[in-house]
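If you use the working numbering, the sequence shown closes out at 768, no skipped numbers anywhere. Note that CB positions come from ideal geometry on N, CA and C, so glycine has one too. See below for the structure under consideration.
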Amino acid sequence: MLYPKNLRKIEGVLHTLGLLGYSVSMRQMVCAVELAHEDLSLLTNVSKGLYQRVAEEMGNTNSTAVERNLRALRDRQWDKGDRERLREMAMYQMKMKPSTGEFIDIIRYYMEANDLLPDS
649 MLYPKNLRKI EGVLHTLGLL GYSVSMRQMV CAVELAHEDL SLLTNVSKGL YQRVAEEMGN
709 TNSTAVERNL RALRDRQWDK GDRERLREMA MYQMKMKPST GEFIDIIRYY MEANDLLPDS
């Protein structure tokens, strides 16, 4: 999955949230959203499920590094990105920063609900 089939669509949504550029953390976030779309059960235990799978797919990393990178990306979005856009995507008023797993799920759900990701 080095090049997820929905790469450009997921990147586009991340860009609308104010996350620009193409860093390792962005590639890992794209991979995480794609994997969560393909297998929703990975979100039930993100540390041992999703982060591990992202590490395996990306290669040359581990789940701890993936978790740190995705958390930093989520923090960057919350601190400097378009919070109002994230609230619109989540369809609820967030008073606190979402967990990293919630952040990934918000993006996944928004994309599925708006037919931006094909049925897996």
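By DSSP, does Gln741 sit in helix, in strand, or in coil?
Along the sequence shown, one-based indexing puts residue 741 at 93. Note: Gln741 maps to coil in three-state DSSP.
Give me the Cβ distance between Val678 and Ile658, rounded to the nearest whole Å; I'm assuming they're in contact under 8 Å.
Looking up residue 678 in the sequence shown gives position 30. Looking up residue 658 in the sequence shown gives position 10. 5 Å between Cβ atoms; contact.
Report the three-state DSSP secondary structure of Gly666 (helix, strand or coil).
For this step, residue 666 is matched to residue 18 along the sequence shown. Reduced to three states, the DSSP call for Gly666 is coil.
To which residues of the same chain is Leu683 closer than 8 Å at the C-beta, ignoring the five residues directly before and after it?
Walking along the sequence shown from the start, residue 683 turns up at place 35. Excluding residues within five positions, the ones whose Cβ falls inside 8 Å are Met649, Leu690, Leu698, Arg701, Val702 and Glu705.
Look at the alpha carbon of Thr709 and the alpha carbon of His685, and state the distance between them as a whole number of angstroms.
Counting from 1 along the sequence shown, the entry for residue 709 is found at position 61. Counting from 1 along the sequence shown, the entry for residue 685 is found at position 37. So the two alpha carbons sit approximately 22 Å from each other.
So which of Tyr740, Val681 and Leu765 has the shortest CA-CA distance to Gly749?
Residue 749 sits at position 101 when you count from the first residue of the sequence shown. Measuring from the Cα of Gly749, the nearest candidate turns out to be Val681.
Could you name each continuous alpha helix (DSSP H) segment of 4 residues or more that falls completely within the region 685 to 756, going from the start of the chain to the end?
Whole alpha helix (DSSP H) segments, 4+ residues: 698 to 706, 711 to 728 and 731 to 738.
I need the straight-line Cα distance from Gly666 to Gln725, nearest angstrom please.
Position 18 of the sequence shown, counted from the first residue, corresponds to residue 666. Position 77 of the sequence shown, counted from the first residue, corresponds to residue 725. In a straight line, the C-alpha of Gly666 is about 6 Å away from that of Gln725.
Should Met737 go down as buried or exposed, given a rule of 16 or more other Cβ atoms within 10 Å for buried?
Along the sequence shown, read from residue 1 onward, the residue named residue 737 stands at position 89. Buried: at least 16 other Cβ atoms inside 10 Å.
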